[in-house]
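Working notes for the structure below.
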Amino acid sequence: MDIQTEVLIIGGGIAGLTTAYKLLKAGKKVVLVEDGYIGSGETGRTTAHLASALDDRYYFLENIFGEAATKLIAESHTAAIDEIEKIVTDLNIDCSFKRVNGYLFLHETDKDENLNKEFRATQKAGLQTYILKKIPVITGGKNQRCLAFSDQAQFHIMHYLQGLVKGIIALGGTIYTQAHAEDITKEGAKVNGYTFSAKHIVVATNSPINDTLTMHTKQHAYRTYVIAGKVSKGTLPYFLLWDTGDQESKWVTQPYHYVRLENFDDQYDLLISGGEDHKTGQADEEGIPQSERYKRLEAWTRNYFPMMDDISYRWSGQVLEPVDSLGFMGKNPGDDNIYIITGDSGNGMTHTTIGAMIICDSIMGIKNKWADLYSPSRITLKTTGDFIKEVGNMASQYLDWLTASDLKSTAELLVGEGSLLSSGLKKIAVYRNYDNTLNAFSAVCPHLGCIVQWNKDEKSFDCPCHGSRFASDGTVINGPSKTNLHKINIKNSL
Ligand code: FES
Numbered sequence: 001m002d003i004q005t006e007v008l009i010i011g012g013g014i015a016g017l018t019t020a021y022k023l024l025k026a027g028k029k030v031v032l033v034e035d036g037y038i039g040s041g042e043t044g045r046t047t048a049h050l051a052s053a054l055d056d057r058y059y060f061l062e063n064i065f066g067e068a069a070t071k072l073i074a075e076s077h078t079a080a081i082d083e084i085e086k087i088v089t090d091l092n093i094d095c096s097f098k099r100v101n102g103y104l105f106l107h108e109t110d111k112d113e114n115l116n117k118e119f120r121a122t123q124k125a126g127l128q129t130y131i132l133k134k135i136p137v138i139t140g141g142k143n144q145r146c147l148a149f150s151d152q153a154q155f156h157i158m159h160y161l162q163g164l165v166k167g168i169i170a171l172g173g174t175i176y177t178q179a180h181a182e183d184i185t186k187e188g189a190k191v192n193g194y195t196f197s198a199k200h201i202v203v204a205t206n207s208p209i210n211d212t213l214t215m216h217t218k219q220h221a222y223r224t225y226v227i228a229g230k231v232s233k234g235t236l237p238y239f240l241l242w243d244t245g246d247q248e249s250k251w252v253t254q255p256y257h258y259v260r261l262e263n264f265d266d267q268y269d270l271l272i273s274g275g276e277d278h279k280t281g282q283a284d285e286e287g288i289p290q291s292e293r294y295k296r297l298e299a300w301t302r303n304y305f306p307m308m309d310d311i312s313y314r315w316s317g318q319v320l321e322p323v324d325s326l327g328f329m330g331k332n333p334g335d336d337n338i339y340i341i342t343g344d345s346g347n348g349m350t351h352t353t354i355g356a357m358i359i360c361d362s363i364m365g366i367k368n369k370w371a372d373l374y375s376p377s378r379i380t381l382k383t384t385g386d387f388i389k390e391v392g393n394m395a396s397q398y399l400d401w402l403t404a405s406d407l408k409s410t411a412e413l414l415v416g417e418g419s420l421l422s423s424g425l426k427k428i429a430v431y432r433n434y435d436n437t438l439n440a441f442s443a444v445c446p447h448l449g450c451i452v453q454w455n456k457d458e459k460s461f462d463c464p465c466h467g468s469r470f471a472s473d474g475t476v477i478n479g480p481s482k483t484n485l486h487k488i489n490i491k492n493s494l
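The following block contains the structure:
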């Protein structure tokens with residue numbers, strides 16, 4: 001069953017599906033393959049803020065890229081929200097899309113003057129923003145000034161994807177799920193052992209799986225946490241809310257909190273609150289284990305929204321933070337017909353939609369005014385400070401080769417848990433299955449040799465260097481690693 005098509009898209013999240021839909025509308029023949037199921041990667045974990053209020057400050061972007069480019073950045077995110085609204089209307093998607101206001105307020109570690117600075121920068125960038133004396137949507141905690149952004153939006157991401165899938169099928173597109181792509185070349189890819197040939201290949205897998213030495217040095221993986229609890233309907237208006245992030249954090253990204261409200265049923269809305277990020281595989285570096293992060297997030301949220309009911313849902317996700325804050329969308333460096341969409345940052349919904357617009361134009365031979373700005377080949381010289389800090393952090397992860405291991409022997413390992421142990425000079429990642437058997441692997445990440453760490457919350461082995469993740473059976477669930485952890489046999493006595 002070898003397949004030939006014009007465009008092969010790898011990845012069934014918002015990036016891949018939006019690109020597929022747009023190219024089909026433009027008349028191209030498209031086949032999309034997804035390793036798992038539609039939205040089963042990071043897209044299904046987003047809190048779906050549709051914002052031109054970016055999570056890196058506009059005054060920071062202006063400093064890096066200059067005024068004219070910052071205007072284009074604002075314009076592109078505004079256009080992405082409009083594009084999503086248009087797709088929702090055209091395909092008649094029932095995904096609770098609504099326009100809402102967004103409010104940005106200062107984290108307690110941030111300076112008052114920075115809100116004014118951000119106000120001026122957003123105005124220069126052409127956005128509709130206002131300084132308000134109080135945050136209109138909070139009912140607890142210390143109320144304070146905020147920067148309001150009009151015309152932001154929100155939607156239910158999985159319902160949106162469902163609508164896109166229907167649109168793609170109606171236009172003659174083909175989607176394969178549980179279809180694993182590998183050996184990606186300019187001719188196509190192998191998918192579940194079959195040859196899929198195409199003129200253009202779009203890799204929309206969150207972290208590019210065709211990457212060898214380029215993209216993973218330009219972005220860094222962070223884990224973020226989310227909780228959701230009910231509030232009685234009508235108590236709060238629909239809104240987006242963010243603080244400006246912890247200025248004293250050890251992480252370059254200065255993790256921030258993000259909140260919004262989603263329709264739940266006739267009686268309740270769901271308050272969705274996220275934050276407490278840390279670099280992937282490094283939760284303990286701050287002395288705050290993963291389980292504690294949910295508690296901290298709940299305490300922060302209850303302070304501002306004391307009416308929130310018990311926590312109904314909690315989950316975590318992975319965010320790729322580009323060194324200069326902008327996503328990487330367009331031709332893969334060194335390739336002419338392979339495209340990537342990555343570097344979602346905290347604005348994945350708009351970044352990926354911009355990526356779909358740029359790639360669709362590029363394949364159709366249309367000049368896109370944002371293409372250079374988001375080019376994966378760009379060199380942004382002014383990011384050196386943060387870049388060096390992140391590279392230092394990455395290099396220090398290789399030292400895990402030398403540290404004492406977490407476990408003395410597998411006898412200490414409970415069912416459903418994983419850990420690392422040492423055997424001579426080897427580091428071994430072990431997981432105890434519910435039937436008491438052990439899975440054992442080399443703890444060396446197949447990508448570039450860092451030591452993976454056990455993620456108790458997600459029950460995965462995560463690589464602290466570039467964010468590859470592996471299930472408890474060793475299967476790769478997040479690139480850039482293309483291969484599974486290497487299985488090894490261990491003696492029970494170990
Ligand atoms: Fe690069 Fe593991 S993801 S070394």
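With this note's numbering, the residue at position 137 of the sequence shown is 137, and numbering never jumps. A virtual CB, placed ideally from N, CA and C, is assigned to each residue, including glycine.
query                                                                                                                                                                : result
Who pairs with Tyr374 in a beta bridge, going by DSSP?                                                                                                               : None, per the DSSP bridge assignment.
If contacts are defined as beta-carbon pairs under 8 Å, then Val165 and Gly11 qualify, I think. What distance do you get, rounded to the angstrom?                   : With 8 Å as the limit, Val165 and Gly11 do not qualify as a contact, their Cβ atoms being about 13 Å apart.
Go ahead and label Ala228 buried or exposed: buried means 16 or more other beta carbons lie within 10 angstroms of its beta carbon, across all protein chains shown. : buried
With H, G and I counted as helix, E and B as strand and the rest as coil, what does DSSP make of Thr244?                                                             : coil
What beta strand (DSSP E) runs, 3 residues minimum, are completely inside the region 33–106?                                                                         : 98–105
Look at Val7 and Lys22 and say whether their C-beta atoms are less than 8 Å apart.                                                                                   : no
Could you tell me whether any non-hydrogen atom of ligand 1 is closer than 7 Å to the CB of Cys95?                                                                   : no
Nearest by alpha-carbon distance to His156: which of Gly245, Gly346, Glu85, Thr217 is it?                                                                            : Glu85
Distance, Cα to Cα, Glu286 vs Asp277?                                                                                                                                : 11 Å
Do the region 336–354 and the region 166–177 touch if we need at least three Cβ pairs shorter than 8 Å?                                                              : no
DSSP has Lys279 in a bridge; who is on the other side?                                                                                                               : Tyr222
Rounding to the nearest angstrom, what Cα-Cα distance links Tyr431 and Tyr294 in this structure?                                                                     : 24 Å
In this structure, how does DSSP classify Ile138 when only helix, strand and coil are distinguished?                                                                 : coil
What does DSSP give as the partner residue(s) for Tyr431 in the beta ladder?                                                                                         : Gly418, Asn439
Name the two residues that bound the continuous beta strand (DSSP E) containing His159.                                                                              : Here His159 belongs to no beta strand (DSSP E); instead the alpha helix (DSSP H) covers 157–170.
Applying the 10 Å Cβ sphere with the 16-neighbour rule, what's the burial state of Gly188?                                                                           : buried
Within this structure, are the beta carbons of Ser325 and Ser345 separated by less than 8 Å?                                                                         : yes
Are the Cβ atoms of Thr109 and Glu292 separated by less than 8 Å?                                                                                                    : no
Have a look at Gln453 and Gly365 and give me their C-alpha separation to the nearest angstrom.                                                                       : 44 Å
Let me make sure I understand the geometry here. Which of Lys218, Asn143, Arg260, Gln123 has the alpha-carbon closest to that of Ala48?                              : Arg260
Along the alpha helix (DSSP H) that carries Ile559, what are the first and last residues, could you check?                                                           : Since the first residue shown for the chain is 1 and the last is 494, residue 559 is missing from the structure and cannot be characterised.
Out of curiosity, what's the CA-to-CA distance linking Thr384 and Asp55?                                                                                             : Residue confidence for Thr384 is low, a pLDDT of 46 falling below 50, so the modelled location carries little weight; the figure read from the coordinates is stated next. Their backbone Cα atoms lie some 20 Å apart in a straight line.
So, do the region 477–489 and the region 434–450 have three or more beta carbon pairs nearer to each other than 8 Å?                                                 : yes
Would you identify the three-state DSSP class for Glu108, choosing helix, strand or coil?                                                                            : coil
Looking at the unbroken beta strand (DSSP E) that takes in Tyr304, where does it start and where does it end?                                                        : Per DSSP, Tyr304 belongs to no beta strand (DSSP E); it is in the alpha helix (DSSP H), 290–304.
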